[in-house]
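One line per chain: the protein sequences are A and B, in this order. Be aware that the first sequence starts at 36, since it is given in the working numbering, and climbs by one per residue. Be aware that the second sequence starts at 36, since it is given in the working numbering, and climbs by one per residue. Structure first, commentary second.
Protein chains: 2
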Amino acid sequence: MSLQRPNILKMQGYNFGEQPISDAVIKLNTNENPYPPSPQVAEALANIQTSVLNRYPSPMATKFRETAARLHNIHIDNIIPTNGGDELLRLIITTYVDPAETVATTAPSYSLYPVLAATQNCNFVEIALSKSWNLPEDLGTLLNEKKVKAFFLINPHAPTGHLFSSEQIEKIASKFQGLLVIDEAYVDFVDPNRQHNCVPLIHRHDNLIILRTLSKGYSLAGLRFGYGLACKDLIGPLATKTRDSYNTDSIAQVLATAALQSKAYSEETWRKIRQSREVLTLALQKIGISCSPSETNFLLCTIDHPIQINAKTIYEKLRKENVYVRYFDEPLLQDKIRVTVGSDHENKRLLSLLRATIKF
Amino acid sequence: MSLQRPNILKMQGYNFGEQPISDAVIKLNTNENPYPPSPQVAEALANIQTSVLNRYPSPMATKFRETAARLHNIHIDNIIPTNGGDELLRLIITTYVDPAETVATTAPSYSLYPVLAATQNCNFVEIALSKSWNLPEDLGTLLNEKKVKAFFLINPHAPTGHLFSSEQIEKIASKFQGLLVIDEAYVDFVDPNRQHNCVPLIHRHDNLIILRTLSKGYSLAGLRFGYGLACKDLIGPLATKTRDSYNTDSIAQVLATAALQSKAYSEETWRKIRQSREVLTLALQKIGISCSPSETNFLLCTIDHPIQINAKTIYEKLRKENVYVRYFDEPLLQDKIRVTVGSDHENKRLLSLLRATIKF
């Protein structure tokens, strides 16, 4: 007889994108930033003495929080550092959602949310997006009717790339009686001309938590560093009760701090990625692949001629040629592939393979 | 109204030892190894290129597991890497103990266990140790009678330093129908002449998980790296369902691997600490402080003349002089302080302050 809890026994784990070891692979499947982290991160690493590692790290990554607080113009008590953004998502559920309660997200969405809900043995509800990837009118009321305790909205949205405005977010926060989690994993790639900024909302809404990560924007997926932004009353229990006491390590704290301090370097990578995103979108269009407008570092691509060749076949053909993209075998996504915007060289290779594959 | 779950609202978080920032403090309060990690760890750090950090880490720290598997002469599927040992403890509860079920440990014990049980909204039972810190006879049957789902035994024991033999452990594992978690955070400091080794038990008992950490023995508390050892059926759900997909970072994986590869260096620190433990025990005895026999890197010290000066006062007086030790205001421990075995210099300072404080 298995000792597993019944809900764990029947659940499936998170199906993360492949992480091939070979350098020959062009990885456009897990939305990593193709550029290295800032030189200041390398400098910070070079200055670390391993002789300090015998001591526990700063439990709450104080220097990192001070830097992040300055960056966002908030108080350090509005910030919780986490071992990647995923840890924050888990902490939110274990702190705020009882097993009998309901977690919700959009359909489609980041597929980790239902896994975390299943682990906590929660109910799980999906709110379908419209064909143009919009949210239902008066979502706050709808969530209340469905007795949702926590709603996870990834914004800009994955896997569509769609950006919901801060006005939309605020409207939901005002009506919704549960916890609104805005997962801003990709927010760094939003066009600055849109002047999108949800951070000030944490001062007006005591049911709003914003997730940030250094994995994408700051080219530090390998470091595992994320953080949450919210009013003190929401941060408190996460920080003092449910978080592992030393959840981020000494080296990661120093490197993450250096990354935020040299944000200008990363901003330049964001600019390059936005530019490549535009170039790639147009080039794909020319070969019969249309992309949803994206404010992220990836493109959700629809194969316009599915009769000749479908999305899954394209995914497999690219994979054979060592170009990894993501295919989701689920409703609304079966005719699509999700492609990370890579370096110029990577994007060119992708395009050349697609041109050879798609005859139209 | 708070959005917290009722059990989270009423629980207290883990009360970890103080982590002062000042270099002036002699830290003998959180059982860190006073020596730096091995030179091979420093070399590994110097060879890390930050340019690889834009990619996600190896999800299951494959190279680390290969190294640990060789070290323990087991299969890599018997190993789960975790972000410090604390993560493993949490994963065990969220995977194997339902909110309605019971977690148990000894009294006294590591005070994180009840916090993790409260977070999962489990029942919590304490099994009192005898005055010589021994376990009850036929503990396995007792745990079954109390319907315990998971029993956490820290061995060598904290805060007493007592070592339970592998025969005792095996006897519990044989009788107990729940999950037996042996937290070996301090096992590296056991006298090698005792030939203590519980790892082979994982092949004979499918209800046994062993925790290891690099925080103490390998001088890497700042790195957050631990691992679990168990049969494949117990490791599987932890690894594929409840663990955050990328729970250990790229740098930590490389450094942890280097630490295990240069185990001989750390063994030398263990030898020095065992030697200091003996010297310190005798010196304390001379000033009226008796220590429980310890197979760890700390000593549980009883103040033999509590009328003149009690343990809490000593703790406070030492603290004023920038020497931090640990005082636990709980049954069986109120007349004691727990002191980490430090470097020669640190131990001397401790002794000189104690001599000045205790007049007998």
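Just so you know, even glycine gets a beta-carbon here, dropped at the ideal spot from N, CA and C.
Could you have a look at residue i and say whether DSSP puts it in helix, strand or coil?
i: B/Val-225; result: coil
i: B/Glu-219; result: coil
i: B/Phe-159; result: strand
i: B/Ile-189; result: strand
i: A/Lys-166; result: coil
i: B/Tyr-300; result: helix
i: A/Tyr-70; result: coil
i: B/Tyr-91; result: coil
i: A/Ser-200; result: coil
i: B/Gly-261; result: strand
i: B/Ile-244; result: strand
i: B/Leu-249; result: coil
i: B/Leu-63; result: coil
i: A/Thr-292; result: helix
i: A/Ala-208; result: helix
i: A/Leu-214; result: strand
i: B/Lys-45; result: helix
i: B/Ile-270; result: helix
i: A/Lys-321; result: helix
i: B/Lys-184; result: strand
Between the options, which has its C-alpha nearest residue i's C-alpha?
i: A/Leu-63; options: A/Leu-386, A/Arg-390, A/Ala-391 and A/Ile-393; result: A/Leu-386
i: A/Thr-304; options: A/Val-225, A/Asn-282 and A/Asn-118; result: A/Val-225
i: A/Tyr-221; options: A/Phe-199, A/Thr-283, A/Pro-74 and A/Leu-164; result: A/Phe-199
i: A/Gln-39; options: B/Ala-318, B/Pro-272, B/Ile-83 and B/Glu-202; result: B/Pro-272
i: A/Thr-331; options: A/Asn-382, A/Ile-61, A/Glu-67 and A/Ala-59; result: A/Glu-67
i: A/Pro-74; options: A/Leu-178, A/Ser-297 and A/Lys-181; result: A/Ser-297
i: A/Asp-284; options: A/Pro-72, A/Ile-83, A/Leu-319 and A/Ser-37; result: A/Ile-83
i: A/Ala-256; options: A/Asp-58, A/Met-36 and A/Thr-65; result: A/Thr-65
i: B/Val-358; options: B/Ser-37, B/Val-60, B/Gln-54 and B/Ile-43; result: B/Val-60
i: B/Ser-250; options: B/Gln-343, B/Ala-103 and B/Asn-118; result: B/Asn-118
i: A/Cys-266; options: A/Pro-41, A/Pro-71 and A/Ala-104; result: A/Ala-104
i: B/Phe-333; options: B/Glu-219, B/Ala-185 and B/Ile-308; result: B/Ile-308
i: A/Ile-322; options: A/Leu-264, A/Gly-263 and A/Ala-391; result: A/Ala-391
i: A/Tyr-148; options: A/Tyr-350, A/Val-216, A/Thr-248 and A/Leu-177; result: A/Val-216
i: A/Val-183; options: A/Phe-159, A/Ala-193 and A/Tyr-145; result: A/Phe-159
i: B/Asp-364; options: B/Val-376, B/Tyr-350 and B/Ser-301; result: B/Tyr-350
i: B/Ser-311; options: B/Thr-348, B/Ser-378 and B/Tyr-253; result: B/Ser-378
i: B/Lys-166; options: B/Asn-382, B/Thr-337, B/Asn-89 and B/Val-360; result: B/Thr-337
i: B/Ile-114; options: B/Tyr-145, B/Gly-261 and B/Ala-163; result: B/Gly-261
i: A/Ala-139; options: A/Arg-125, A/Glu-161, A/Leu-88 and A/His-107; result: A/Glu-161
i: B/Ile-111; options: B/Pro-71, B/Leu-124, B/Ser-146 and B/Leu-264; result: B/Leu-264
i: B/Gln-54; options: A/His-380, A/Glu-53, A/Arg-90 and A/Ser-86; result: A/Arg-90
i: A/His-231; options: A/His-197, A/Leu-214 and A/Lys-210; result: A/His-197
i: B/Leu-126; options: B/Ala-274, B/Tyr-300 and B/Gly-52; result: B/Ala-274
i: B/Asn-382; options: B/Ala-346, B/Leu-317 and B/Tyr-362; result: B/Leu-317
i: A/Ala-185; options: A/Leu-243, A/Asp-223 and A/Ser-146; result: A/Leu-243
i: B/Ile-344; options: B/Ile-393, B/Thr-375 and B/Arg-229; result: B/Ile-393
i: B/Phe-99; options: B/Thr-248, B/Pro-69, B/Leu-319 and B/Lys-210; result: B/Thr-248
Would you grab the beta carbon distance between residue i and residue j for me? Rounded to a whole angstrom, and I think it's under 8 Å.
i: B/Thr-195; j: B/Ser-327; result: 5 Å
i: B/Asp-279; j: A/Glu-356; result: Actually they are not in contact, since the Cβ atoms of B/Asp-279 and A/Glu-356 sit about 32 Å apart, beyond 8 Å.
i: B/Leu-335; j: B/Leu-388; result: About 18 Å; that fails the 8 Å criterion.
i: A/Asn-179; j: A/Gln-212; result: 5 Å
i: B/Pro-143; j: B/Leu-367; result: 6 Å
i: A/Tyr-253; j: B/Arg-259; result: Not confirmed; about 20 Å, so no contact.
i: A/Leu-124; j: A/Leu-246; result: 7 Å
i: A/Thr-130; j: B/Ile-43; result: 5 Å
i: A/Asp-339; j: A/Ser-325; result: 6 Å
i: A/Leu-88; j: B/Pro-41; result: Going by Cβ atoms, the distance from A/Leu-88 to B/Pro-41 rounds to 39 Å, so no, they are not a contact pair.
- Query: With a cut-off of 8 Å, do at least 3 Cβ pairs link the region 357 to 374 of chain A to the region 38 to 49 of chain B?
  - Reply: no
- Message: Contact between the region 231 to 241 of chain B and the region 94 to 104 of chain B is defined here as three or more beta-carbon pairs at a separation below 8 Å; is this criterion met?
- Response: no
- Hey, which unbroken runs of the beta strand (DSSP E) at 3 residues or more fall wholly within the region 328 to 388 of chain A? 333 to 338 and 371 to 375
- Message: Would you call the region 281 to 292 of chain B in contact with the region 67 to 85 of chain B, where contact means no fewer than 3 C-beta pairs closer than 8 Å?
- Response: yes
- Query: With a cut-off of 8 Å, do at least 3 Cβ pairs link the region 166 to 175 of chain A to the region 200 to 213 of chain A?
  - Reply: yes
- Task: Examine the Cβ distances between the region 155 to 171 of chain A and the region 122 to 141 of chain A and report whether three or more of them are shorter than 8 Å.
- Result: yes
- Task: Tell me the start and end of each unbroken alpha helix (DSSP H) in the region 91 to 140 of chain A that is at least 4 residues and wholly inside, in chain order.
- Result: 97 to 107 and 120 to 131
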